[in-house]
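According to full-length UniProt numbering, the stretch in the sequence shown is residues 1 to 321, in order.
We put the CB at the ideal spot given by N, CA and C, even for glycine.
Take a look at the structure below.
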Amino acid sequence: MGAVGLGCMPMNWAYTGSRRRGEESLRAVHTALDRGCSLLDTADMYGPFTNELLLGRVLKERRADAFVSTKVGLLVGEQHIVANGRPGYVRRACDASLRRLQTDRIDLYQLHRPDPEVPIEETWGAMAELVSAGKVRALGLCAVGARATRRDGRDGLHAGTIRQLERIQQVFPVSAVMAELSVWSPEALAALLPWCAARGVGFLAAMPLGNGFLSGTLTPGQGFEPDDVRARHPRFTAEMMAANQPVVAGLRRVAARHGADVTPAQVALAWVLSRGRTVIPVPGTKHERWAAENAAAAHLSLTDADLAEIAGLPPARGSWD
Ligand SMILES: NC(=O)c1ccc[n+]([C@@H]2O[C@H](COP(=O)([O-])OP(=O)(O)OC[C@H]3O[C@@H](n4cnc5c(N)ncnc54)[C@H](OP(=O)(O)O)[C@@H]3O)[C@@H](O)[C@H]2O)c1
């Protein structure tokens, strides 16, 4: 599998311009695959459904080049996003994802969010049956979001997620965990990534570019469409974007030391890669140019001085808590 993956979510979900870029998104997927970014991360919820349909158009022709990761367990309702972890639903959702993706097997099937109404072992057991049935190769848990990360009483960061992982490991092996990890959101380094590394569980770094901020291409005060996740994100107010500019400035300084064509986005991805051999950054984009740029980050090696400079950057301002 390539060192860097491709997050497909921004192609038609949660980001400005997401509903207008179908053809360019297809080119971005091809570009990523051409450059060895074989991990394509999607979810039935993205769109909803249209993200998988889009990928299906590529997979129909290039299945052998791709490692397909999709997710189950969240439904887009009229008012809210709701969890459904009932075994019957999981089985139907998997068949529907396979049809949309135009494939007969999903490489990594992730539980998007545990359903509070269903014991996680029941949901995970149904997912394990899909492995036995040959519809899925491996299982993962997605633990993205403030609730998953937040300090859980006195237990520490990601403590609730780790408890869930301990429970489902008793039912069927966890092959990968997806959680936020980036220069400005390093919380997973405290306990979740060490838990994964100690057990040989892969770690998929979601939002490795800080929802685009760490690329340095966003301007404080710029607007976002109402359904863009950043329109409500505390770090994306004009004030916080301005306050967090020193983080981007630090990435720029490091990039400049590696050459005029190296970008802050590539430094941000190389930093994620430097966190361990089992860590795969999964940057999201719908742009061909950025898919190529992100793929090239796999060849950027940060020096000890670079890593020390990044470690010394001020912590990000603005949080969900
Ligand atoms: N956000 C979540 O809640 C979440 C949850 C679970 C899983 N994931 C998975 O993790 C993946 C990554 O997270 P994410 O996409 O939310 O955040 P991200 O990768 O940190 O940032 C995506 C944003 O960065 C921009 N971008 C990408 N490469 C760039 C470059 N080289 N230069 C400048 N801008 C660049 C994208 O722009 P364009 O879109 O305009 O190309 C997009 O706005 C998702 O795609 C999804 O597969 C995300």
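Own chain partners of residue i with C-beta closer than 6 Å, once the 5 adjacent residues on each side are dropped
i      : result
Phe224 : Thr16, Arg230, Ala231
Leu130 : Cys94, Val136
Asp107 : Phe67, Val68, Arg137
Gly318 : Pro234, Arg235, Met240
DSSP bridge partner residues for residue i (one or two, in chain order)
i      : result
Thr70  : Tyr109
Ser185 : Ser182
Cys142 : Met178
Gly284 : Gly7
Val136 : Ile106
Val279 : Phe203
Reference residue i, options the options, closest by Cα
i           : options                        : result
Gln169      : Val201, Ala159, Ala295         : Val201
Ala297      : Pro315, Ile310, Thr263, Arg235 : Thr263
Ala292      : Glu61, Arg27, Ala138           : Arg27
Gly85       : Asp104, Leu101, Ala126         : Ala126
Ala179      : Arg113, Ala138, Glu129         : Arg113
Phe236      : Ala260, Ala256, Gly210         : Gly210
Glu117      : Ser185, Val82, Tyr46, His299   : Val82
Gly259      : Lys60, Leu300, Ile162, Asp304  : Leu300
Gly5        : Ser319, Ala305, Asn294         : Asn294
Pro87       : Ala138, Ile106, Leu111         : Leu111
Tyr109      : Trp124, Arg99, Arg62           : Trp124
Val183      : Ala265, Asp44, Pro119, Leu39   : Ala265
Asp228      : Pro10, Ser319, Gly2            : Pro10
residue 324 : Met240, Tyr89, Arg105          : What the structure shows of the chain is the stretch from 1 to 321, and residue 324 is not part of that stretch, so it cannot be assessed.
Neighbourhood of residue i by C-beta distance below 8 Å, restricted to the same chain and skipping five residues each side
i     : result
Glu24 : Lys286, His287, Glu288
Cut-off 7 Å between Cβ atoms - residues of its own chain near residue i, not counting five sequence neighbours on either side
i      : result
Arg147 : none
His30  : Val58
Trp13  : Tyr46, Gly47, Asn51
Ala190 : Gly156, Leu157
Heavy atom of ligand 3 within 7 Å of residue i beta-carbon
i      : result
Ala242 : Looking for ligand 3 in the displayed structure turns up nothing; the ligands present are ligand 1.
Give the list of continuous alpha helix (DSSP H) stretches no shorter than 4 residues that lie fully inside the region 169-255.
Annotation: the region 169-255 contains the following complete segments of the alpha helix (DSSP H) (minimum length 4 residues), in chain order: 192-199, 238-243.
What runs of the alpha helix (DSSP H), each 4 residues or longer, lie entirely inside the region 29-111?
50-62, 87-101, all fully within the region 29-111.
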